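Reading through the structure tokens given below for one structure.
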């Protein structure tokens, strides 16, 4: 089971300065100088902590002319913070769960009888259901090379690189040093 991300998240969040940065960013985006000023720390110190928070994907940056603003990704922060609670309570329905009947209908509309994907849904909720369906054939706890993941995806869809990226971006999988592993189901967005 891929618990490394969960452990890394909690280790990273176990720092007062990082929690204070998250508290500030909860009120809205700020640039590094503003964060440093509000916390009474030097910009290099803030850069260090920002890098750690970006590594666990709870903040992201946007450039506005010559200034970089940092934003809090509250949804990812909430998912990661709650993932540990869901490890023991898998029966608890997620807010993002879609009824089984609706899932079946979506799969029927986008998956051919031979199992191949007809097309990729434009609607995000439907796309997540398709991605969840596609990862079902992979084993939790097993590490896959990029080539193995590509070959697996090619069974269902020709644009394997796009599907592989979507697996990562939507928290179905984790990639580290060219190795891929499924995240615990509790971290999946559906």
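Numbering (the UniProt record's numbering), first residue to last: 1 to 190.
Cβ atoms here follow ideal geometry from the backbone N, Cα and C, with glycine treated the same way.
Nothing here was measured: the structure is a model prediction, and the numbers come from that model.
- Distance from the CA atom of residue 52 to the CA atom of residue 177, rounded to whole angstroms, is 18 Å.
- Bounds of the beta strand (DSSP E) holding residue 182 are 179 to 182.
- The shortest C-alpha to C-alpha distance from residue 12 to any of 68, 77, 38 and 37 is the one to 77.
- Annotation for residue 106: 126 and 129 place their beta carbon closer than 6 Å to its own, counting only its chain and skipping 5 residues before and after.
- If you look at residue 55, you'll find it in the alpha helix (DSSP H) that goes 43 to 55.
- Counting only runs of at least 4 residues, the region 149 to 174 fully encloses the following alpha helix (DSSP H) elements, listed from N- to C-terminal order: 160 to 169.
- The bridge partners DSSP lists for residue 64 are 67.
- Here residue 59 is not near residue 48, since their CB atoms are 8 Å or more apart.
- In the displayed model, residue 33 falls within a helix according to three-state DSSP.
- Boundaries cannot be given for residue 139, as no alpha helix (DSSP H) includes it and DSSP labels it neither H nor E.
- Rounded to whole angstroms, residue 189 and residue 102 show a C-alpha spacing of 16 Å.
- Counting the other CB atoms within 10 Å of its CB gives residue 165 a total below 16, which places it among the exposed residues.
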